[in-house]
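Participant: For the sequence shown, this note's numbering assigns the number 27 to the initial residue and increments by one for each residue that follows.
Beta carbons: idealized from backbone N, C-alpha and C, even for Gly.
There's a structure below that I have some questions on.
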Amino acid sequence: MPAPAVLNVGFYNFVMTDKIVALCSSESAPMRRLVQNLRKEGAVIDATQGRRTKSIIFTSGSQIVLSAISQETLAKRLAAQDGGIGPSTVELEAAEDELEVDEE
């Protein structure tokens, strides 16, 4: 039986890739409120090691994982693995980032 695919979410913390539903930024106020509410319910796994939360990983269960690594970096790590997000998605995001830099 092959070993399950895992994603390094920082500081030697790993999430099984087949359980990941979404990778989101934690910058918006609604996301911060969601994290606070889920923390009260005990549905938060904090993998930040005390550092600032940069991304929220939604799992197929009712739990979320907080990471100190940006969602873009996590998406690139996921894309590098077999069965992850297609490279075209990551290339599109990189192109969008380049456009934002040019506009500034």
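Can you give me the start and stop residues for the beta strand (DSSP E) that Thr79 sits inside?
Facilitator: It is not in any beta strand (DSSP E) - Thr79 carries neither H nor E in the DSSP assignment.
Participant: May I ask you to report which of helix, strand or coil DSSP gives Ala141?
Facilitator: As displayed, the chain neither begins before 27 nor continues past 130, which places residue 141 out of reach and without an answer.
Participant: Roughly how many whole angstroms lie between the Cα atoms of Gln62 and Val91?
Facilitator: Approximately 13 angstroms, taken between the alpha carbons.
Participant: Excluding five sequence neighbours on each side, which residues of the same chain lie with their C-beta closer than 8 angstroms to the C-beta of Thr85?
Facilitator: Cβ within range, chain order: Val41, Lys45, Ile46, Val47 and Val91.
Participant: Out of Ala105, Lys102 and Ile95, which one is the CA nearest neighbour of Phe37?
Facilitator: It is Ile95 whose Cα lies nearest to the Cα of Phe37.
Participant: Using the Cβ count rule (16 or more neighbours within 10 Å means buried), how would you classify Lys80?
Facilitator: The residue is buried, with at least 16 neighbouring Cβ atoms inside 10 Å.
Participant: First and last residue of the beta strand (DSSP E) that includes Ala48?
Facilitator: Taken as a continuous stretch (DSSP letters only), the beta strand (DSSP E) holding Ala48 covers Ile46 to Ser51.
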